[in-house]
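In full-length UniProt numbering, the protein residues as written are 249 to 617. C-beta: ideal position from N, C-alpha, C; glycine also. Data block below; observations after.
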Ligand code: M6R
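What follows is the structure, given as structure tokens:
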């Protein structure tokens, strides 16, 4: 079933454009986001005072990105919590809280137990899931399926971009009900979402080969850091997780602003550091801050690989390599910025001759606590 691909991971990365497109399909009506599965829940969404999103691993990182969009558009406070932490700390949730679980497989035991605990405490539960009929959606009050298609490789790729897309659609659906976004903003956001598949294709067509080449050159690397700010921060965490998971290289993701509070001590000559650079036009303040973070680590000899908007000239003099992504609004950039990181992790595992689909010690779905 791999088709002509060398691995399921390669196939699934190539399917990232369709994963986003299929998640949007059937959920835009008359210029507004309407998720048919959430029909009848308007009163619930109008009344909740807080949202808690639970998940594990990559799913939890998509939740971190989703938090920014839900808070910005729907104006509801969102907490993201690792499912296994939520479950065992007597969480403060009740009938005014919506607990959203996010899971590709719908079978992750940690996440399932968190959903059960939320239900026991009287919260309403919504599952955002990629696998039809799985246990977590069956245990939840409502479900939004992602339609990214089956994901086989242990490393989650296309499900991640679909998860963020699903959370954004949910944010716009709730924002419509609560009247917190103007029709213009809805229309802009919908256009941005609709444009993502082609922009991901652009990365695959124009940058994939170069990224794989870079990974090949870096096959002997022992440690890699990933930095990002705002929505780029969870992307840095995702880039690091993917690299650890399939290439067994020590990798850590940080919020760029945290550097001077400790991690900068790790920087030594030659250390590769991936930096997710915000758009200079869409987020000029964040962009300037990240460029100054790059200067700080470069001054200490780091080898900077920037993931930046094509046309961002300001970053060029400061980076050793620039992996380009198309222009997108600040909230939409993470769905593009993660693609080079997925390609890089796969490229490095391939360069080391590892089994990218079946990394050691890991299972596709973790059905034990
Ligand atoms: O099936 P789920 O989305 O619930 O899985 C959660 C994590 O186990 C999963 O995302 C894991 O971190 C991936 N292997 C990361 O690539």
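Problem set entry | Residue span of the beta strand (DSSP E) that contains residue 573, given as start and end | Judged by DSSP secondary structure, residue 573 falls within the beta strand (DSSP E) whose first and last residues are 569-573.
Problem set entry | Candidates 284, 329, 319, 298, of which the one nearest residue 305 by Cα | It is 329 whose Cα lies nearest to the Cα of residue 305.
Exercise. Are the beta-carbon atoms belonging to residue 256 and residue 401 less than 8 Å from one another?
Worked result: Residue 401 is positioned such that its CB atom lies closer than 8 Å to that of residue 256.
Exercise. Any heavy atom of the ligand M6R within a distance shorter than 7 Å of the CB on residue 495?
Worked result: No, since every heavy atom of the ligand M6R falls outside the 7 Å radius drawn around the Cβ of residue 495.
Exercise. From what residue to what residue does the alpha helix (DSSP H) around residue 306 run?
Worked result: The continuous alpha helix (DSSP H) containing residue 306 extends over residues 305-317.
Problem set entry | In chain order, each alpha helix (DSSP H) run of at least 4 residues that lies wholly inside the region 448-528 | Fully enclosed alpha helix (DSSP H) runs of 4 or longer: 456-465, 480-495.
Exercise. Under three-state DSSP, which class holds residue 372?
Worked result: Assignment of residue 372 by DSSP, reduced to helix, strand and coil, places it in the strand class.
Exercise. Given a threshold of 16 other Cβ atoms within 10 Å of its Cβ, counted over all protein chains shown, does residue 564 qualify as buried or as exposed?
Worked result: Exposed, since its Cβ has fewer than 16 Cβ neighbours within 10 Å.
For this session: Report yes if the CB atom of residue 445 is closer than 8 Å to the CB atom of residue 561, and no otherwise.
Result: Not a contact, by the Cβ cut-off of 8 Å.
For this session: Rounded to whole angstroms, what's the CA-CA distance from residue 362 to residue 610? Just pull it up for me.
Result: Going from the Cα of residue 362 to the Cα of residue 610 covers about 21 Å.
Problem set entry | Closer than 7 Å: residue 258 CB and nearest the ligand M6R heavy atom | The ligand M6R has no heavy atom closer than 7 Å to the beta-carbon of residue 258.
Exercise. Going by other Cβ atoms of all chains shown within 10 Å of its Cβ, with 16 needed for buried, is residue 490 buried or exposed?
Worked result: Per the 10 Å Cβ criterion, buried.
For this session: Answer yes if the region 313-328 comes into contact with the region 412-419, meaning at least three C-beta pairs across the two stretches below 8 Å, and no otherwise.
Result: Flag = yes, the region 412-419 and the region 313-328 touch.
Exercise. Based on the DSSP output, what are the partners of residue 264 in its beta bridges?
Worked result: Looking at the DSSP assignment, residue 264 forms no beta bridge with any residue, so it has no partner.
Problem set entry | When 377, 462, 345, 325 are compared against residue 285, the one with the closest alpha-carbon | It is 377.
Problem set entry | Three-way DSSP call (helix, strand, coil) for residue 556 in this model | It is a strand residue.
For this session: Using DSSP bridges, identify the partner residues of residue 393.
Result: According to DSSP, residue 393 bridges with 377.
Exercise. Which two residues bound the contiguous alpha helix (DSSP H) that contains residue 540?
Worked result: Taken as a continuous stretch (DSSP letters only), the alpha helix (DSSP H) holding residue 540 covers 532-546.
Problem set entry | Buried/exposed call for residue 404, threshold 16 Cβ in 10 Å | Result: buried.
Exercise. At what residues does the beta strand (DSSP E) containing residue 614 begin and finish?
Worked result: Segment: none, residue 614 is in no beta strand (DSSP E) and carries neither H nor E.
Exercise. Should residue 615 be counted as a contact of the ligand M6R given a C-beta to heavy atom distance under 7 Å?
Worked result: Not so, every heavy atom of the ligand M6R lies at least 7 Å from the Cβ.
Exercise. Regarding residue 610 and the ligand ZN, is the C-beta to nearest heavy atom distance less than 7 Å?
Worked result: Although the ligand ZN was asked about, the structure shown includes only the ligand M6R as ligands.
Exercise. Is residue 606 near the ligand M6R, going by C-beta to nearest heavy atom under 7 Å?
Worked result: Result no, Cβ not under 7 Å from the ligand M6R.
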